Amino acid sequence: MILTRYLLLLKRLFKKKSYILMLLMVPLMVIALKGVGSGDAGLMTIGVYIPGEDYASGALKECIETEPGSFRYFFYDNPDKLVADVKSQKLSEGWICPDNLDEAVENIVASGHTDEKIEIVIREQGLSHLLGREVLNSRVYKSLARQMAVSYISEKLYKGNPTEEQQEKILKTFDSYEINGNLFELGYLDDSQNQNSDDTNYIMMPLRGMLALWLLILSIAASMYYLEDKQNGLFIWWKTPISVARDFWYYGVIMLIPTIMVLVGLKIGGVSTSLSREILSIIIYDFTLICLASILREIIRSVKGLGLITPILIIASALLSPVFIDIKAGRTFQKLCPTFHYLYSIHDDYYLKTLMLFGMVLLITWNLIHKIRS
Numbered sequence: 011m012i013l014t015r016y017l018l019l020l021k022r023l024f025k026k027k028s029y030i031l032m033l034l035m036v037p038l039m040v041i042a043l044k045g046v047g048s049g050d051a052g053l054m055t056i057g058v059y060i061p062g063e064d065y066a067s068g069a070l071k072e073c074i075e076t077e078p079g080s081f082r083y084f085f086y087d088n089p090d091k092l093v094a095d096v097k098s099q100k101l102s103e104g105w106i107c108p109d110n111l112d113e114a115v116e117n118i119v120a121s122g123h124t125d126e127k128i129e130i131v132i133r134e135q136g137l138s139h140l141l142g143r144e145v146l147n148s149r150v151y152k153s154l155a156r157q158m159a160v161s162y163i164s165e166k167l168y169k170g171n172p173t174e175e176q177q178e179k180i181l182k183t184f185d186s187y188e189i190n191g192n193l194f195e196l197g198y199l200d201d202s203q204n205q206n207s208d209d210t211n212y213i214m215m216p217l218r219g220m221l222a223l224w225l226l227i228l229s230i231a232a233s234m235y236y237l238e239d240k241q242n243g244l245f246i247w248w249k250t251p252i253s254v255a256r257d258f259w260y261y262g263v264i265m266l267i268p269t270i271m272v273l274v275g276l277k278i279g280g281v282s283t284s285l286s287r288e289i290l291s292i293i294i295y296d297f298t299l300i301c302l303a304s305i306l307r308e309i310i311r312s313v314k315g316l317g318l319i320t321p322i323l324i325i326a327s328a329l330l331s332p333v334f335i336d337i338k339a340g341r342t343f344q345k346l347c348p349t350f351h352y353l354y355s356i357h358d359d360y361y362l363k364t365l366m367l368f369g370m371v372l373l374i375t376w377n378l379i380h381k382i383r384s
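In terms of the working numbering, the numbers along the sequence shown are unbroken and rise by one, the last being 384.
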């Protein structure tokens, strides 16, 4: 009889347009991110103006052409045209190199500063532009390292005044030591997945955090459904020895299909790890969210109040959890957010345990509040 009621509840949910719309958010989110991430533009489109014919200019251009990475580059013959395309949003940003990049590199190595610099043109500041600057630094570093080696060897062997023949020999020796292959490999604490960092799809990285926040929204929506059903008299004849258990399974029915969709979305999005770990983490996360949403329902006790608190809760969770960026400061406040524990629990057993502990504390708190309210 009780099982039938829960099945009828599940059937009734699919008659709610709001529930269907929330379910559609997952495939739409994954499809949109995959579409952006697999497009020709990659993470950013960058315009590049390299007028010089010197070694550093040529090395930078070759590096961009042979190893574009997650960016898409367009070479320009006119810096004004490049700036105009950044203004019109045809480009995410632009790199304008000086006429002689070798001279700029030599000045940096010799005195630590230079008047001739690479100009980065952007419309607004953002995380992607910070990443772009780091990429540019890494690609110019080869020329800097070459010049630093020349300066050091010249000073040590030739008192800082080598002949042209000696300097050419130094450069040929340096260029002969070409490094092939990647020195770095990305790995997780639990060794569940190892992949080359060059294959990382930056666009898809926030997907897990976004889906976790979506489940948080859904748990609050479950509290709203509960209040509506209670007001409509659904629970008058639905008695159980432990009313908290009845409420828990009510929330569980609402969270069941979305949880399955999240697991499928993570798999399609290419950010899923081992299935067993994914299932274990998300079950504990759901358990914690149900307890949290039930506490909020017991305290606020109105659909309007829950609606007002939901944006605040989501914004706070997005800031305190590593959804888009991991803020190291304020760990004490971050540990008050269940999403924080969930996102770290995928590859760290410690946070899987803290997530479970967090959920148990919330369950006890919920039970106490429920008894006081009763």
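For every residue, glycine included, the Cβ atom is placed at its ideal position computed from N, Cα and C.
Computed from a prediction, not measured in an experiment: that's the story for all the values here.
- As DSSP reads the structure, Glu129 sits in a beta bridge with Ile106.
- Residue ranges of uninterrupted beta strand (DSSP E) with 3 or more members, entirely inside the segment 33-86 and ordered along the chain, are 54-59, 81-85.
- If you check the CB distance, Leu367 and Ser355 do not come in under 8 Å.
- Distance from Met32 to Ser102 at the Cβ level is roughly 32 Å; contact not present, criterion being Cβ atoms closer than 8 Å.
- Between the alpha carbons of Asp109 and Tyr83 lies a gap of roughly 19 Å.
- DSSP places Thr320 in the uninterrupted alpha helix (DSSP H) bounded by 313-330.
- Counting only the Cα atoms, Ser384 lies some 10 Å from Leu378.
- In this chain, the alpha helix (DSSP H) harbouring Gln176 covers 174-186.
- For the pair Arg307 and Tyr236, the CB atoms are nearer than the 8 Å cut-off.
- In the structure shown, Met215 falls within a coil segment according to DSSP collapsed to helix, strand and coil.
- Distance from the Cα of Ser327 is smallest, within the candidate group Leu316, Val313, Leu346, for Leu346.
- For the pair Thr269 and Val96, the Cα-to-Cα distance works out to about 41 Å.
- By the criterion of a C-beta distance shorter than 7 Å, Glu113 is surrounded in its chain by Glu126, once the five residues flanking it on both sides are discounted.
- Assigned with DSSP and collapsed to three states, Thr349 falls in helix.
- In the three-state DSSP reduction, Asn171 falls in the coil class, being neither helix nor strand.
- With fewer than 16 other Cβ atoms from the protein chains shown falling within 10 Å of its own Cβ, Ser28 counts as exposed.
- Where Asp359 is concerned, the enclosing alpha helix (DSSP H) starts and stops at 359-383.
- In the three-state scheme derived from DSSP, where H, G and I count as helix and E and B as strand, Leu244 is classed as coil.
- Counting the other CB atoms within 10 Å of its CB gives Gln99 a total below 16, which places it among the exposed residues.
- Between Leu141 and Gly275, the alpha-carbon positions lie close to 27 Å from each other.
- In terms of Cβ geometry, Val145 and Gly79 form a close pair [threshold 8 Å].
- Here Thr342 is exposed: its Cβ has fewer than 16 other Cβ atoms, across all protein chains shown, within 10 Å.
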